[in-house]
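A.B. asks: I have a structure here, written as structure tokens, and I will follow up with some questions on it.
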Amino acid sequence: MARYALRRLLIAIPTLLAISFIIFALLDLAPSDPTANLPLTIPPEVREKIRLSLGLGEPFVVRYFKWLEQFMINEPLNVLEQWTGWTIGDSENRLRVLSWATRSPVTDLIVERLPQTLWVVGMSYVIAVLIAVPIGVISAYRQYSLFDQIGTFISMLGFSIPTFFTGLLLIVIFSVWLGWLPSIYDTTHVVRDWDSFVFQVKQMLMPTMVLALANASQISRFMRASMLDNLNQDYVRTARAKGLRERVVVLVHVLRNSLIPVVTVIALGVPTIFGGAIITEQIFRVNGIGQLLIIGIEGADIPLVQTLTFIFAILIVVFNLIADLIYGMLDPRIRYD
Amino acid sequence: MAFDSPKAGETLVRVADLKVHFPIHAGLIRRQVGTVRAVDGVSFDVARGETLGLVGESGCGKSTTGRAVLRLVDATAGRIEMAGTDIASLGSEALRRMRPRMQMIFQDPHASLNPRMTVGSIVAEPLSEHGTLRGSARQRRVEELLDAVGLNPSFANRYPHEFSGGQRQRIGIARALALDPDFIVCDEPIAALDVSIQAQVVNLLEELQERLGLTYLFISHDLSMVRHIADRVAVMYLGKIVELADREALYGAPKHPYTQALLSAVPIPNPKVEATRRHIILKGDVPSPANPPSGCRFRTRCPIAEARCAAEEPAWRKLDDGRHVACHFAT
Amino acid sequence: MTPLRRLLVASVACAAMTATAAQAQRGADGQLNIIYWQAPSTMNPFLSGGTKEVEASSMVIEPLASYDNDGNIVPRLAVELPTVENGGVSADLTSITWKLKPGVKWSDGSDFTAEDAVFTWKYCTAPDGGCAQSSYFEGVANMEAVDPLTLKITFAEPKPFPYTALVGAESPIIQKKQFENCMGAKAPECTQQNFNPIGTGPFVVKEFRANDVITLEANPNYREADKPRFQTVLFKGGGDAASAARSVLETGEFDYAWNLQIEPEVLERMEGAGKGKLVSAFATSVERILINFTNPDPALGPDARSVYKDDGSNAHPILNDIRVRKALSLAIDRPLLNDLGYGKTGRPVCNVLPGPDIYASTANDACLVQDIEAAKALLDEAGWAPGSDGVRVKDGRRLSLLYQTSTNSVRQSFQSLIKQWWAEIGVETELRNISASVFFGGDPASPDTFQKFYADVEMYTNNFSGVDPEAYMADWRCDAIPGPATQWQGSNINRYCNPDYDALSKKMASTAALADRAELAKAMNDMLMQDYVLLPLIHRSGTSAHSVTLAGVKMNDWDSELWNIADWHRAK
Ligand SMILES: Nc1ncnc2c1ncn2[C@@H]1O[C@H](COP(=O)(O)OP(=O)(O)O)[C@@H](O)[C@H]1O
Ligand code: SF4
Ligand SMILES: [Mg+2]
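So, in structure tokens, the structure goes:
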């Protein structure tokens, strides 16, 4: 397994390099202007100077390799230095990937935003899984029952209603009418005591639930389908024939086998947590990674968008590998060598 | 029921008017729109120590019958007596306590073994569940069982997928034997195996029956194999048993037109006889069990059907030689 | 009273008023919550130039003088406004000497001096710095600190309006000590400095999270001991205008929300909840339709399409005729447009230069009344006869126009209304909308920018910063026409060229007296209007909302809306 993982990682390197080039080129070639959003009162000559100061005067290839060096070498070195406190080489003058809009290092922006994204989006994912698995199991076990019908209906809603709608609906109900929950997430809030913890729960509640509904709809469908696949298998009859209690049959034999594909689906979904939830973050002002990306796109902050997209690409590649490895660990029929 | 099994032992299993219907769901909200009458009123007895063969075309309800007899599916109607206890209406806990006495060997030895459990734990699980053995005693019992079915006991730590089909079926048998059952339903236990392996497994089953005094309900669509192993044979068509007789009587002189047709399709090793034999070719397809024909269910394909067959369902009659047949014209 | 003196008097009155109102202590009113639905990306306005960054930083760093809510210049870090009369501006108009307020301290406790002002000039004009506000320092030949409290700015040529450099929120003073090592190409690397500038303003950055939220505290060294009234400010960004409005007007979570350009009826309904008030201020933003004076025919090559030619050979085949331009203007019902798109946040307008008041002409107000019949008569007179399908034709050419603008729901509804009106007078209109980032992006390779103007008419909003229209009115000079030779840079998007207009513009550049300047600016405005070079539609306000519990807000569209945040306080 270790050798397999290593081999996959080695293959991933050229893949990622190719992806990095494609991302860089696509974003670079797309018509965009970082000064487009500035007020028209700023004269064109000044705009031109701004563009030059952003390095846009240099040829494409030079900018690509600069970015690659900054992202692949300088940023990791920098992270290493921050963790260990060492000084490696000329760290003062090491160029980092700078965002055009903020003129600050892109990785710092990302690190600053990870907590809220992981809390809200990550928590919603955890909740989604916790809700979806039992719902999927019960729906499959009691296929066509009232429970199953209601579950199917709700997950259809979760699938088809966009989060901007559910989000707005919740805000109107719980913030405007009832005034129970804040409609705007305070990213500076620090949990110190019980009261501040309660506030944190309150402000996380709506965005988390909106996302959890969407995610749970999907996962519960997977879970249900996978359970149904397994429930009709002979090994389940075997288990019943052995005289196992129904609970053991379903929860040990059927569920464990049904979870194999679901776990990989869940693992494949993890990169989307880091990607944040663009719309939900916008609506509730969670201002995490998703919102960072959208601001970057709107403001033509190309280095920011390039770096974020590339990090997503890395995460996707890595979690694909992890999903495969998990599959191998869970399913003894799969052997990697 | 009034017929005697040749081995004249006590009746172990008695099935009376068993029905298993499955709902059909359709439409957007998956409403029930009909029923599949997979098993629609079958009755038979199995005597202790005997092998009852159950044959019929695929889809006629053999597996469902076998599963219902073991309460692996719930019966819609009818009685299933296991050593005098009606298990059709038994509560789940009481049923669970009955489980060790009746077991099943499945057609697909791959699908019937939990892929995430080692062979050892598959065999040991019923032992721990019913609390009969623990610790090293259980370990020894597993090894003993694997040995009994001709597997190397050191394979206990391997997973099912590491074995060949024949070996896997042996694991399935070892597992079925773990709790010392009296009665085993063998649902086409060899159909998925290579021909070269089939005989070995059948021999193993016979040998175990001999040694452990097992009672079998042996389901198969392979008439020659049933002839080899069964003492008596029941022939099923579209959810009903159409003929039930001693092996020799049935193979020697089939009385029901469907049995006759089935047997005429079995090649006979003697080429001379084979060349002169009359083959009955059945026309048409098997009707849907969701919507069976009126009267005699076989009438749509029966070569000798008459008007009466559509109007009147043939009675389950006992003929003079002791066999049972469901045909108006069988004598 | 000369207009300039009037400015001064007003500012003194203003200062006196705030002084009496200030009874409470610094920080006594707790926290102020502000929401800007576009989040600031830096606190250094020299590196961004965006309105949101300028406004956020205006709480921290200050210019020598600001514009108040009436467009008057009021001294801030300066003792008074230098004029020719008080000797602050040299008689030949080539230098201005600012006296700085004594005792002003940076938030780190050090003294604010003229050296800092000189440094700011050097910082913004350093090569490779890409300073977004460098146009404020145009014409500045030198700055020197005569003494710690005296700043002398020398201009390369006489500067009749010398209040540009270091005046207004877009041109504030940063601390020399802090930014000394951040000049030129090093500017973007000074993240710590750019996010946490040391200032003289009422607040200090405590934590800056780019594009998300800023927390600020009262500046302990602020020059007025009892201000600011709020101890902390939470400045949240992100989302959209409607939900920002909701958070003030409906849920009351925030005290102040900026730039609420949303449908007027939605805003009014929200205001009905009673938790907050809408405030608007009008400065110089005008939504207008620009007429292309050159031929945008795609059949012409890139060197001729929408390119101005001296000899008039590339004039617009239809719109070169003033009667057509006038007819287009007559057909528009401006008040109706305003009701539908802007409501209280706008007003119909007939001038491209709508303010300050002294510059606003009244000569063109007839445009407020739609007159379809007059428009039709004009087109008849111009020889455009109605064709069989209702579209006018002349010499085999259909009266058909391509009308482009940026993608934006209000603009698209304007487009379709105007298309209808123009259809009534026999003008066929093809509509086109382009993503704002492309339309306003300066990519010379893109055919879809507003500068390229590959259309017959186009619509957008423009304005000018500050209160002096000289540079803005110079936009329509012949030498500002964009074209391939200038990489399509140039502010005369119309490609309008009129020697009389240029002469007025030149004259203004050398006229000092405010009244004369006003006459000249009005004359230029009237010339543009009466020549139908552009059709002004709506005078747009800055519209914000504040909670009913927040007092002291003086909505200001000339400067930062937060210009007087030191005076904001909780309503008792
Ligand atoms: N769980 C079930 N749900 C619905 N229909 C079933 C189910 N199991 C079996 N059937 C139907 O019942 C009939 C008999 O099936 P089965 O007993 O498997 O036949 P055999 O074993 O003789 O091939 C078939 O038509 C089959 O489709
Ligand atoms: S009852 Fe009629 S249809 Fe049925 S088997 Fe006998 S002859 Fe054929
Ligand atoms: Mg079967």
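As given, the protein sequences belong to chains A, B and C, one line each in that order.
Each residue of the first sequence is one higher than the one before, starting from 1 at the first, in this note's numbering.
Each residue of the second sequence is one higher than the one before, starting from 338 at the first, in this note's numbering.
Each residue of the third sequence is one higher than the one before, starting from 669 at the first, in this note's numbering.
All C-beta atoms, glycine included, are put in the ideal place defined by N, C-alpha and C.
Keep in mind the model is a prediction, meaning the values are calculated, not measured.
1. Please compile the residues from chain C whose C-beta is within a distance smaller than 7 Å of the C-beta of valine 120(A).
2. Does the beta carbon of phenylalanine 443(B) come closer than 7 Å to any beta carbon on chain A?
3. Assess contact between the segment 510-517 of chain B and the segment 459-469 of chain B, defined as three or more Cβ pairs (one per stretch) separated by less than 8 Å. Is contact present?
4. Name the residue from Thr280(A), Leu98(A), Thr152(A), Ile42(A) whose alpha carbon lies nearest to the alpha carbon of serine 183(A).
5. Can you check whether the CB of asparagine 1019(C) is closer than 7 Å to the CB of asparagine 1193(C)?
6. Under the assumption that methionine 711(C) contacts proline 865(C) (Cβ atoms under 8 Å), give the Cβ distance between them as a whole number of angstroms.
7. Buried or exposed: which applies to glutamine 369(B), given that a residue is buried once 16 or more other Cβ atoms fall within 10 Å of its Cβ?
8. Once DSSP output is grouped into helix, strand and coil, what is the label at asparagine 1006(C)?
9. Could you name the residues of the same chain whose beta carbon sits closer than 7 Å to that of alanine 353(B), not counting the 5 residues immediately before and after it, in chain order?
10. Taking Cβ-Cβ distances shorter than 9 Å, what residues in chain C pair up with leucine 59(A)?
11. Can you pull every residue whose C-beta falls closer than 5 Å to some heavy atom of ligand 1, listed in chain order?
12. Determine which residues of the segment 1016-1046 of chain C have a Cβ less than 7 Å from any Cβ of chain A, and write them out in chain order.
13. Ligand 2 and alanine 511(B): does the residue's C-beta get closer than 6 Å to at least one heavy atom of that ligand?
14. Would you kindly check if the distance between the Cβ of leucine 946(C) and the Cβ of glutamate 955(C) is under 7 Å?
15. Would proline 608(B) pass as an interface residue toward chain A - the criterion being a Cβ-Cβ separation below 7 Å?
16. Whole angstroms is fine: what's the gap from isoleucine 283(A)'s alpha carbon to threonine 117(A)'s?
17. Output the boundary residues of the beta strand (DSSP E) element that contains threonine 163(A).
18. Counting C-beta neighbours from all protein chains within 10 Å, is the total for serine 175(A) 16 or more, i.e. buried, or is it exposed?
19. Pair every Cβ in the segment 918-938 of chain C with every Cβ in the segment 1088-1106 of chain C, then say whether three or more of these pairs are closer than 8 Å.
20. Quick check on this structure: which residue in Glu931(C), Asp894(C), Val901(C), Pro896(C) has the alpha carbon closest to the alpha carbon of serine 911(C)?
21. Mind checking whether the beta-carbon of alanine 642(B) lies closer than 6 Å to any heavy atom of ligand 2?
22. Report all residues from its chain with a CB closer than 6 Å to the CB of cysteine 523(B); omit the five preceding and five following residues, and keep chain order.
23. I need the boundaries of the beta strand (DSSP E) containing glycine 503(B), first residue and last residue.
24. Going along the chain, which residues of its own chain have a beta-carbon closer than 6 Å to the beta-carbon of alanine 317(B), five neighbours each way excluded?
25. Where do the ends of the alpha helix (DSSP H) carrying glutamine 440(B) lie?
26. From this set, Ala323(A), Leu146(A), Pro44(A), Ala212(A), which residue's C-alpha is nearest glycine 1151(C)'s C-alpha?
27. Starting from the Cα of glycine 1253(C), find the closest Cα among Asp697(C), Leu1172(C), Gln846(C) and give me that residue.
28. The segment 358-374 of chain B: which residues have C-beta closer than 7 Å to a C-beta of chain A, in chain order?
29. Could you pull the start and end residues of the beta strand (DSSP E) that leucine 1070(C) belongs to?
30. Please work out which residues of its chain come closer than 7 Å, Cβ to Cβ, to aspartate 1025(C), disregarding the five sequence neighbours upstream and downstream, and give them in chain order.
31. Might you give, ordered along the chain, the residues of its own chain that have their beta carbon closer than 6 Å to the beta carbon of proline 437(B), omitting 5 neighbours on each side?
32. How is serine 380(B) classed by DSSP in three states: helix, strand or coil?
33. If you measure beta-carbon to beta-carbon, which residues of the segment 158-177 of chain A are closer than 9 Å to chain C?
34. Does the beta carbon of histidine 661(B) fall short of 6 Å from some heavy atom of ligand 2?
35. Can you tell me whether alanine 824(C) is buried or exposed, with buried defined as 16 or more other CB within 10 angstroms of its CB?
36. Cβ of isoleucine 957(C) within 7 Å of Cβ of methionine 1127(C)?
C.D. replies: In short:
1. To locate residue 120(A), count along the first sequence from 1; it is residue 120. Per Cβ cutoff of 7 Å: no residues; valine 120(A) is ~13 Å from chain C at best.
2. Your numbering for residue 443(B) matches position 106 in the second sequence. Output row for phenylalanine 443(B): interface = yes.
3. yes
4. For the purposes of this step, residue 183(A) is taken as residue 183 along the first sequence, with counting starting at 1. Cα-wise, what sits closest to serine 183(A) is Thr280(A).
5. Here residue 1193(C) is taken as the residue at index 525 of the third sequence, counted from 1. Here residue 1019(C) is taken as the residue at index 351 of the third sequence, counted from 1. For asparagine 1193(C) and asparagine 1019(C), yes; Cβs fall inside 7 Å.
6. Taking the third sequence and counting its residues from 1, the one referred to as residue 711(C) is at position 43. Taking the third sequence and counting its residues from 1, the one referred to as residue 865(C) is at position 197. Yes, they are in contact, since the Cβ atoms of methionine 711(C) and proline 865(C) sit about 5 Å apart, within 8 Å.
7. On the second sequence, position 32 is the one that residue 369(B) refers to. Exposed, since its Cβ has fewer than 16 Cβ neighbours within 10 Å.
8. Working through the third sequence from its first residue, we reach residue 1006(C) at position 338. Residue state, collapsed to three classes: helix.
9. In the second sequence, counting from the first residue as 1, residue 353(B) sits at position 16. The residues are Ser380, Gly415, Arg416.
10. Locating residue 59(A) in the first sequence gives position 59, where the first residue counts as 1. Position check: residue 59(A) holds proline in this sequence, whereas leucine was assumed. What proline 59(A) touches in chain C: nothing, since even the nearest Cβ is about 15 Å away.
11. Phe359(B), Val373(B), Ala375(B), Ser395(B), Gly396(B), Cys397(B), Gly398(B), Lys399(B), Ser400(B), Thr401(B), Pro626(B)
12. none
13. Counting from 1 along the second sequence, the entry for residue 511(B) is found at position 174. Result no, Cβ not under 6 Å from ligand 2.
14. Locating residue 955(C) in the third sequence gives position 287, counting from the first residue. Locating residue 946(C) in the third sequence gives position 278, counting from the first residue. Not closer than 7 Å, so no.
15. Translated into the one-based positions of the second sequence, residue 608(B) becomes position 271. Chain A contact via Cβ: absent.
16. For the purposes of this step, residue 283(A) is taken as residue 283 along the first sequence, with counting starting at 1. For the purposes of this step, residue 117(A) is taken as residue 117 along the first sequence, with counting starting at 1. Their Cα atoms are separated by approximately 14 Å.
17. To locate residue 163(A), count along the first sequence from 1; it is residue 163. Element bounds for threonine 163(A): not the beta strand (DSSP E) but the alpha helix (DSSP H), 163-170.
18. Here residue 175(A) refers to the residue found at position 175 of the first sequence. Answer is buried; the Cβ neighbour count reaches 16.
19. no
20. Numbered from its first residue, the third sequence carries residue 911(C) at position 243. When each option's Cα is compared against that of serine 911(C), the closest is Glu931(C).
21. Translated into positions along the second sequence, residue 642(B) becomes position 305. Yes; taking the cut-off as 6 Å, the Cβ of alanine 642(B) has a heavy atom of ligand 2 nearer than that.
22. The sequence position of residue 523(B) within the second sequence is 186, counting from 1. These residues qualify, in order along the chain: Ile442, Tyr553, Phe555.
23. By 1-based counting over the second sequence, the position of residue 503(B) is 166. It is not in any beta strand (DSSP E) - glycine 503(B) instead sits in the alpha helix (DSSP H) that spans 502-514.
24. Missing from the structure shown is residue 317(B); chain B here goes from 338 to 668 and no further.
25. By one-based count along the second sequence, residue 440(B) stands at place 103. From DSSP, glutamine 440(B) is part of no alpha helix (DSSP H) but of the beta strand (DSSP E) over 439-442.
26. Within the third sequence, residue 1151(C) is the residue found at index 483, counting from 1. Among Ala323(A), Leu146(A), Pro44(A), Ala212(A), the Cα nearest to that of glycine 1151(C) belongs to Pro44(A).
27. Look at the range of chain C in this structure, 669 to 1240, and you will see that residue 1253(C) is not part of it.
28. His362, Ile366, Arg367
29. Translated into the one-based positions of the third sequence, residue 1070(C) becomes position 402. Its beta strand (DSSP E) spans residues 1068-1074.
30. If you number the third sequence from 1, residue 1025(C) lands on position 357. Correct list: empty, nothing qualifies.
31. Mapped onto the second sequence, residue 437(B) falls at position 100. His467, Leu516.
32. Stepping through the second sequence from its first residue, residue 380(B) is reached at position 43. Here serine 380(B) sits in strand by DSSP.
33. Leu168, Ile171, Val172, Ser175, Val176
34. Numbered from its first residue, the second sequence carries residue 661(B) at position 324. Not so, every heavy atom of ligand 2 lies at least 6 Å from the Cβ.
35. Here residue 824(C) corresponds to residue number 156 of the third sequence, with the count starting at 1. Alanine 824(C) comes out exposed.
36. Taking the first residue of the third sequence as 1, we reach residue 957(C) at position 289. Taking the first residue of the third sequence as 1, we reach residue 1127(C) at position 459. Yes. Within cutoff.
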